[in-house]
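Visitor: The structure is given below, and queries will be raised subsequently.
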Amino acid sequence: MREASTRLADSLLARGVTRRDFLKYCGSVAVAVGLAETAAPQIAAALESASALKPVVWLEAGSCSGCTESVAQADSPDIATIVLDILSINYSETLMAGAGYSAEAAKEETIKAGGYILIYEGAVMTGWGGDALVIAGKKGTDELKEAAENAEAIVAVGSCAVDGGFVSQRPNPAGATGVQAYLNSVGIDKTVINLPTCPVNPEWVVAIVVEYLLLGKAPEMVERKHSNGTVLSYPKAIFGQSVHDNCPRRGHFENGEFVSQFGSKEEALGYCLYKMGCKGPQTFTNCPIVRWNRRASWCVESGAPCIGCGSMDWVDNNSPFLSRMSDMWMGDALGNVQPGTAAAVVGGVAAAALVVHGLGMNAAGRVGDGPPMETAKAYDRKRGAKKGGDK
Ligand code: SF4
Ligand code: SF4
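For the sequence shown, the numbering used here gives the first residue as 48, with consecutive numbering after it.
See the structure below:
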């Protein structure tokens with residue numbers, strides 16, 4: 048039998064992916080999981096041990112298939128390479144060529160054998176006793192239970208799988224919920240690796256699977272409590288810091304330099320989009336680092352505020368998307384605070400946190416002549432703006 052590494056190298060070359068491209072890609076994967084780019088050769092070696100890869104079962108529930116589409120658009124290496132040689136996806140309703148009884152049989156066999164990575168896309172549809180979603184004559188909830196029981200690791204991709212996402216927005220008649228919440232409710236004691244955003248970033252999916260293959264265990268996690276009481280676990284390297292923490296416009300935030308209107312001089316100057324509804328301060332993803340579309344750009348870089356698609360209950364909490372929230376999450380010490388209020392209480396412990404966020408600097412008039420927060424605060428009072436944000 049030919050060496051697995053030679054087989055992968057040949058396969059990549061046949062698809063026009065050079066060794067250099069492949070190593071570059073492995074460098075991206077390394078960064079995505081919080082390793083130095085110099086870890087690229089180790090990641091390449093792990094991927095080249097293709098014969099050792101675990102099977103992946105990709106199930107879709109209440110979704111728009113956007114996460115599958117997002118991964119299918121990953122083109123470096125192309126999706127065929129990912130499917131056939133890297134992720135070893137044994138079953139995916141959307142991506143696989145087979146269909147019908149033979150496809151279902153392949154899934155059943157993989158599940159029966161166990162030892163696979165379960166990737167779950169879409170919300171779990173619990174409504175009408177589980178009849179809200181029926182796949183191949185089986186309730187979607189039963190399918191998840193069976194697949195989760197035997198899985199070695201469970202990865203929820205996209206915000207819908209994490210906590211119901213847009214599918215669960217009020218009034219949620221189909222009882223859409225997230226994978227972890229559902230597994231808890233039926234007594235399956237397994238920790239789900241959550242990869243939110245709408246859709247999921249393909250680099251995170253590959254990175255987490257590769258890291259699992261490298262370490263043989265889930266990555267280091269950070270936990271956050273959902274409003275429904277479920278404790279959700281997220282890979283720390285990806286979801287440990289807020290969008291705001293790594294945003295290239297952060298300097299403008301610190302200086303109190305905000306865009307108040309699209310088409311304005313401030314927008315042309317690339318000022319901070321907080322007043323245009325940016326949810327970066329309360330959204331925990333590394334989008335500014337990993338970016339999107341072959342690392343071409345990401346939301347704020349392309350001129351749009353972060354709408355917080357990686358946060359919990361993101362549609363209900365964050366809409367209307369282009370409206371500024373009346374308060375922002377300032378960490379455990381301060382909680383949710385109103386920017387104007389925050390600026391007025393600079394002092395002691397609070398000062399340290401506020402200087403980090405730049406509001407104290409703005410309030411003290413030390414830098415910039417950005418729009419006064421009192422004006423924004425009065426506007427919030429008048430329209431009864433929402434409060435919110437992940438903690
Ligand atoms: S509020 Fe948004 S645009 Fe402004 S610095 Fe934070 S993440 Fe960037
Ligand atoms: S920057 Fe915000 S809106 Fe854009 S993908 Fe990331 S979490 Fe979602």
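Ideal Cβ positions, reconstructed from N, Cα and C, are used throughout, including at glycine. Predicted model, so just to flag it, every value in this text is computed and none were measured.
So what does DSSP say about Glu196, is it helix, strand or coil?
Guide: Position 149 of the sequence shown, counted from the start, is the residue given in the question as residue 196. Residue state, collapsed to three classes: helix.
Visitor: Residue range of the beta strand (DSSP E) that Trp105 falls in?
Guide: Taking the first residue of the sequence shown as position 1, residue 105 is located at position 58. Per DSSP, Trp105 belongs to the beta strand (DSSP E) from Val103 to Glu107.
Visitor: According to DSSP, Asn293 sits in a beta bridge with which residue or residues?
Guide: Locating residue 293 in the sequence shown gives position 246, counting from the first residue. None; Asn293 has no bridge partner.
Visitor: For Gly225 versus Gly234, is the C-beta spacing smaller than 9 Å?
Guide: The count along the sequence shown starts at 1 and reaches residue 225 at position 178. The count along the sequence shown starts at 1 and reaches residue 234 at position 187. No, these two residues do not count as a Cβ contact at 9 Å.
Visitor: Going by the beta-carbon positions, is the gap between Asn173 and Gly222 smaller than 9 Å?
Guide: Start at 1 with the first residue of the sequence shown, and residue 173 comes out as number 126. Start at 1 with the first residue of the sequence shown, and residue 222 comes out as number 175. The sequence given here places Thr at residue 173; Asn does not occur at that position. Cβ atoms of Thr173 and Gly222: closer than 9 Å.
Visitor: What did DSSP end up calling Leu165 once you bin it into helix, strand or coil?
Guide: Sequence index remark: in the sequence shown, residue 165 carries index 118 (1-based). Strand, per DSSP.
Visitor: Suppose you measure from the CA of Ala56 to the CA of Arg67; what does that come to, to the nearest Å?
Guide: Within the sequence shown, residue 56 is the residue found at index 9, counting from 1. Within the sequence shown, residue 67 is the residue found at index 20, counting from 1. Rounded to whole angstroms, Ala56 to Arg67 spans 11 Å at the Cα level.
Visitor: Under the rule that 16 or more other beta-carbon atoms within 10 Å means buried, what is Thr85, buried or exposed?
Guide: Taking the first residue of the sequence shown as 1, we reach residue 85 at position 38. Its Cβ having fewer than 16 others within 10 Å, Thr85 is exposed.
Visitor: Can you look up Lys237 in the DSSP assignment and give me helix, strand or coil?
Guide: Indexing the sequence shown from 1 puts residue 237 at position 190. Here Lys237 sits in coil by DSSP.
Visitor: Can you find at least 3 beta carbon pairs, one from the region 280–288 and one from the region 324–341, that sit closer than 8 Å?
Guide: Result yes; three or more Cβ-Cβ pairs closer than 8 Å.
Visitor: When we look at the beta-carbon of Gly162 and count the other beta-carbons within 10 Å, is it buried (16 or more) or exposed?
Guide: Translated into positions along the sequence shown, residue 162 becomes position 115. Burial call: exposed.
Visitor: May I ask you to report which of helix, strand or coil DSSP gives Ile182?
Guide: By one-based count along the sequence shown, residue 182 stands at place 135. Strand, per DSSP.
Visitor: Over the uninterrupted alpha helix (DSSP H) stretch that includes Pro249, give me the two end residues.
Guide: To locate residue 249, count along the sequence shown from 1; it is residue 202. Taken as a continuous stretch (DSSP letters only), the alpha helix (DSSP H) holding Pro249 covers Pro249 to Leu262.
Visitor: Does DSSP put Val80 in a helix, a strand or coil?
Guide: What you label residue 80 is simply residue 33 of the sequence shown in a count that begins at 1. It is coil, neither helix nor strand.
Visitor: So, for His291: in the same chain, excluding its five sequence neighbours on each side, which residues have a beta-carbon less than 7 Å away from its beta-carbon?
Guide: The residue given as residue 291 occupies position 244 in the sequence shown. Once the five neighbours on either side are set aside, the close Cβ partners of His291 are Arg297, Gly327 and Pro328.
Visitor: At a threshold of 8 Å, does Trp339 count as lining ligand 2 (C-beta to nearest heavy atom)?
Guide: Locating residue 339 in the sequence shown gives position 292, where the first residue counts as 1. Because some heavy atom of ligand 2 lies under 8 Å away, the Cβ of Trp339 counts as near it: yes.
Visitor: Compare the C-alpha of Ala170 against each of Thr188, Lys159 and Gly324 and name the closest.
Guide: Taking the first residue of the sequence shown as 1, we reach residue 170 at position 123. Residue Thr188 is the option with its Cα nearest to Ala170.
Visitor: For Trp175, which of helix, strand or coil comes out of DSSP?
Guide: Taking the first residue of the sequence shown as 1, we reach residue 175 at position 128. Here Trp175 sits in helix by DSSP.
Visitor: Buried or exposed: Gln227, going by 16 or more other Cβ atoms within 10 Å of its Cβ?
Guide: Here residue 227 refers to the residue found at position 180 of the sequence shown. Result: buried.
Visitor: Would the C-beta of Gly81 count as close to ligand 1, meaning under 8 Å from any of its heavy atoms?
Guide: Your numbering for residue 81 matches position 34 in the sequence shown. No, the beta carbon of Gly81 sits no closer than 8 Å to any heavy atom of ligand 1.
Visitor: If you count every other CB in all the chains shown that lies within 10 Å of the CB of Val403, and 16 or more means buried, which is it?
Guide: Locating residue 403 in the sequence shown gives position 356, where the first residue counts as 1. Residue placement at Val403 is poorly supported in this model, since its pLDDT is 41, which falls under 50; the coordinates are not used for a value here.
Visitor: Starting from the C-beta of Val306, find all residues in its chain whose C-beta is less than 6 Å away, skip the five residues before and the five after it, and write them out in chain order.
Guide: Within the sequence shown, residue 306 is the residue found at index 259, counting from 1. Cβ within range, chain order: Glu313, Glu314, Tyr318, Leu320 and Met323.
Visitor: Does DSSP classify Glu270 as helix, strand or coil?
Guide: Residue numbering aside, residue 270 sits at position 223 when the sequence shown is read from its first letter. The answer is strand: DSSP assigns Glu270 an E or B state.
Visitor: May I ask you to list the residues that DSSP assigns as paired with Trp339?
Guide: Counting from 1 along the sequence shown, the entry for residue 339 is found at position 292. Note: Trp339 sits in a beta bridge opposite Ser344.
Visitor: When we look at the beta-carbon of Pro246 and count the other beta-carbons within 10 Å, is it buried (16 or more) or exposed?
Guide: Sequence index remark: in the sequence shown, residue 246 carries index 199 (1-based). Under this definition Pro246 is a buried residue.
Visitor: Do the region 191–198 and the region 213–222 meet, that is, are 3 or more Cβ pairs less than 8 Å apart?
Guide: The region 191–198 vs the region 213–222: no contact.
Visitor: With respect to 8 Å, is the separation between the Cβ of His299 and the closest non-hydrogen atom of ligand 4 below this value?
Guide: Annotation note on ligand 4: not contained in the displayed structure, which lists ligand 1 and ligand 2 as its ligands.
Visitor: What first and last residue would you give for the beta strand (DSSP E) that runs through Tyr281?
Guide: On the sequence shown, position 234 is the one that residue 281 refers to. Start and end: Val278 to Pro282.
Visitor: Looking at Val104: is its Cβ nearer than 9 Å to the Cβ of Ile182?
Guide: Position 57 of the sequence shown, counted from the first residue, corresponds to residue 104. Position 135 of the sequence shown, counted from the first residue, corresponds to residue 182. Taking 9 Å as the Cβ cut-off, Val104 and Ile182 do not qualify as a contacting pair.
Visitor: Report the rounded CA-to-CA distance for Pro218 versus Ser139, giving the unit in angstroms.
Guide: Sequence index remark: in the sequence shown, residue 218 carries index 171 (1-based). Sequence index remark: in the sequence shown, residue 139 carries index 92 (1-based). Near 30 Å, if we compare the C-alpha coordinates of Ser139 and Pro218.
Visitor: Inspect the beta-carbon positions of Ser75 and Val269 and report whether they are closer than 9 Å.
Guide: Residue numbering aside, residue 75 sits at position 28 when the sequence shown is read from its first letter. Residue numbering aside, residue 269 sits at position 222 when the sequence shown is read from its first letter. No, they are not a contact pair.
Visitor: Helix, strand or coil: which one does DSSP assign to Val362?
Guide: Start at 1 with the first residue of the sequence shown, and residue 362 comes out as number 315. DSSP places Val362 in helix when its eight states are reduced to three.
Visitor: Just checking my contact of Pro249 with Glu258 at CB under 8 Å: how many whole Å lie between their CB atoms?
Guide: Taking the sequence shown and counting its residues from 1, one reaches residue 249 at position 202. Taking the sequence shown and counting its residues from 1, one reaches residue 258 at position 211. Not really, about 15 Å apart at Cβ, beyond 8 Å.
Visitor: Quick one: Cα of Gly276 to Cα of Val256, how far?
Guide: To locate residue 276, count along the sequence shown from 1; it is residue 229. To locate residue 256, count along the sequence shown from 1; it is residue 209. Whole-angstrom Cα-Cα distance: 27 Å.
Visitor: Under 8 Å by Cβ, that's how I've got Ser206 and Trp339 pegged, so tell me the actual separation to the nearest angstrom.
Guide: Locating residue 206 in the sequence shown gives position 159, counting from the first residue. Locating residue 339 in the sequence shown gives position 292, counting from the first residue. Their Cβ separation, rounded to whole angstroms, is 15 Å, which puts Ser206 and Trp339 out of contact at 8 Å.
Visitor: Would you report the Cα separation of Gly176 and Ala121, rounded to the nearest angstrom?
Guide: Here the question's residue 176 lines up with position 129 in the sequence shown. Here the question's residue 121 lines up with position 74 in the sequence shown. Approximately 37 Å, taken between the alpha carbons.
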